[in-house]
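In the working numbering, the protein residues as written are 93 to 247. Encoded as structure tokens, the structure appears first; notes follow it.
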């Protein structure tokens with residue numbers, strides 16, 4: 093299920109609202125979480141080794157900053173791989189929210205190239221303040237720096 097509200101263009105700085113299913117089948121609506129915490133959104137898949145490395149780092153960041161951030165790991169695996177997503181997440185005991193985008197509908201809006209991992213950081217005002225494609229060791233330091241800056245600024 094996908095719901096996008098308002099008009100949104102890739103050049104815009106504001107994040108579009110969307111709804112996706114969690115791995116437990118419940119619905120997550122981004123708009124219900126906006127304005128409360130900094131939101132880190134990561135697009136990934138179970139077959140993507142760099143994605144898995146980044147997810148491990150994002151879980152550590154989430155545990156260290158969970159009072160200030162929400163991490164959304166949006167799986168781009170197709171619907172036939174949902175059980176793999178669930179098994180992988182439970183096996184790693186990740187604490188953040190995992191969402192399913194089997195048709196890559198939301199992924200295409202944020203990242204038309206569909207290259208993953210793809211990470212964005214959204215401030216409390218709903219503005220995208222960081223985006224990055226791929227993963228290189230040490231990238232988590234850049235993410236932490238951006239999060240700490242937003243926390244310090246109250247954004």
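We put the CB at the ideal spot given by N, CA and C, even for glycine.
CA nearest to the CA of residue i, picked from the options
i           : options            : result
residue 106 : 116, 131, 118      : 131
residue 209 : 152, 139, 114      : 139
residue 135 : 170, 129, 125, 128 : 170
residue 217 : 129, 117, 203      : 129
residue 153 : 247, 236, 241      : 236
residue 187 : 149, 228, 124      : 149
residue 226 : 121, 127, 141, 112 : 141
residue 220 : 179, 112, 133      : 133
residue 194 : 137, 122, 157      : 137
Environment of residue i [buried if 16+ CB atoms lie within 10 Å]
i           : result
residue 239 : buried
residue 245 : exposed
residue 155 : exposed
residue 196 : buried
residue 164 : buried
residue 211 : buried
residue 190 : buried
residue 229 : exposed
Whole-angstrom distance between residue j and residue i, CA atom to CA atom
i           : j           : result
residue 167 : residue 159 : 24 angstroms
residue 119 : residue 185 : 21 angstroms
residue 145 : residue 207 : 15 angstroms
residue 173 : residue 114 : 14 angstroms
residue 243 : residue 232 : 16 angstroms
residue 200 : residue 110 : 12 angstroms
residue 116 : residue 182 : 11 angstroms
residue 205 : residue 223 : 13 angstroms
residue 125 : residue 143 : 24 angstroms
task: Pick out the complete beta strand (DSSP E) segments inside the stretch 164 to 239, 3 residues or longer, and give them in chain order.
output: With a minimum length of 3 residues, the continuous beta strand (DSSP E) runs that stay inside the stretch 164 to 239 are 189 to 192, 210 to 214, 220 to 225.
- prompt: What are the uninterrupted segments assigned as alpha helix (DSSP H) that are 4 or more residues long and contained completely in the stretch 106 to 168, given in chain order?
  reply: Considered as a whole, the stretch 106 to 168 harbours 141 to 157 as its complete alpha helix (DSSP H) runs of no fewer than 4 residues, in chain order.
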